[in-house]
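To convert a position in the sequence shown, counted from 1, into our numbering, add 672. For each residue, glycine too, the CB sits at the ideal point set by N, CA and C.
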Amino acid sequence: MALQIMKLAITGSSTVETVPTIERFFNEAASTVTGAGTLTIAVEDFFTDTGAAATTLPALATNNSYFDVYINGVLQMEDVSAYTAGGTGVGQLVITVPAGSTIEQNSPVVLVVTNFSPTSNTTIVT
């Protein structure tokens, strides 16, 4: 018998969905914060997309989430914000205002939390 290449007769297909859950929280700075300083916003000081008072900040799913902070409509750098999930007394957003920068009173602060719940389906046919 002559040499030949042997291969498996298998086909496969996969479907992956990212399924994002996006939650937005809104606040207006209660006072002017001049750097170097910090602006701390507790969960109960935020309101939601519906205008209702926020009661909890969502947990960040490990390796499948992120949060963004906007001040006056401008996306802020990652290292100026610290996010803590949770309810009253725990949940908060802390913004470190660098020297030479200012957050004016009544400036809108928007927190956007995005969690992904990916799903996948693979079909193998032999």
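Item	Value
Is it the case that the Cβ atoms of threonine 786 and isoleucine 694 are separated by a distance below 8 Å?	yes
Using 8 Å as the Cβ pair cut-off and three pairs as the minimum, do the region 721 to 728 and the region 767 to 782 touch?	no
Could you tell me the alpha carbon to alpha carbon distance between alanine 702 and valine 766, rounded to whole angstroms?	14 Å
Under 7 Å Cβ to Cβ from asparagine 744, same chain only, skipping five residues before and after it: list those, please.	Ser779 and Pro780
Checking 8 Å against the spacing of the C-beta atoms, do isoleucine 682 and threonine 798 come in under that value?	yes
Going by Cα to Cα distance, which pick from Thr795, Gly684 and Phe697 is closest to phenylalanine 719?	Phe697
What is the rounded straight-line gap between the Cα of glycine 707 and the Cα of threonine 768?	8 Å
What residues match up with alanine 725 in a beta bridge as DSSP calls it?	Phe719
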